[in-house]
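Participant: Please find one structure pasted underneath; my questions will follow.
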Amino acid sequence: MLPQAPEEAGYYVYGTLHDAPGTGHLAQYAHPNLLTVIFRVEREWQAICDRKFGIGNISIDGGFAYDNHKSHQLGIEVDCRPVRKDYMTGQGARCSYRDKAYDRDATIKLIRLFLDDPWVKIVYFNDDEVQKALGRARVKSLMGHNNHFHVELWPRYAS
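Quick note: the sequence shown uses the numbering used here, first residue 299, plus one each step.
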């Protein structure tokens with residue numbers, strides 16, 4: 299399970315399971331390989347930015363389907379929020395790529411850190427400018443991904 303917001307972490311956690319407050323941690327079970335990627339990105343992110351990035355849904359214990367997710371069952375996918383200009387964190391920090399608080403340049407840097415990892419297969423995020431900047435082969439649109447980006451490892455890293 300992803301550590302829930304250690305004091306000096308470069309990330310914060312958000313999300314709910316079945317829209318029930320205080321249940322986000324129940325959907326943050328990660329494969330050790332995904333944790334390795336997250337912690338590397340977090341460490342590199344802290345070296346270039348003093349803002350925290352948001353980590354949401356990963357998987358539930360046992361790998362069962364839940365809520366509206368067709369994926370998120372193997373612990374190798376994670377949803378992250380785009381970076382905000384105003385440093386806001388927590389449940390209320392939801393931000394679409396169309397919002398004024400959205401920091402596109404910082405979000406590009408954050409997604410690039412994920413894509414620099416050879417274990418990362420693809421990112422889904424609907425900001426066309428991010429796709430252009432990072433390459434449409436690895437950053438693609440997917441319905442429902444305006445206010446978070448989805449990072450997915452290659453399936454071979456689930457074993």
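Just so it is clear, CB atoms sit at the ideal spot from N, CA and C, and this is done for glycine as well.
(1) Below 8 Å, how does it come out for the region 382-394 and the region 406-417: are there three or more Cβ pairs, yes or no?
(2) Using a 10 Å radius around the Cβ and a threshold of 16 neighbouring Cβ atoms, would you call residue 375 buried or exposed?
(3) Provide the residue span of the alpha helix (DSSP H) that contains residue 374, from first to last.
(4) From what residue to what residue does the beta strand (DSSP E) around residue 311 run?
(5) Taking its Cβ as the centre, do 16 or more other Cβ atoms sit within 10 Å of residue 346, making it buried, or is it exposed?
(6) Would residue 358 and residue 377 qualify as a contact pair, given that the criterion is a beta-carbon distance under 9 Å?
(7) Looking at C-alpha atoms only, which residue of 308, 432, 328 and 440 is the closest neighbour of residue 457?
(8) Can you find at least 3 beta carbon pairs, one from the region 443-452 and one from the region 410-426, that sit closer than 8 Å?
Facilitator: With the structure as the only source:
(1) no
(2) buried
(3) Taken as a continuous stretch (DSSP letters only), residue 374 belongs to no alpha helix (DSSP H), as it is neither H nor E.
(4) 309-311
(5) exposed
(6) no
(7) 328
(8) yes
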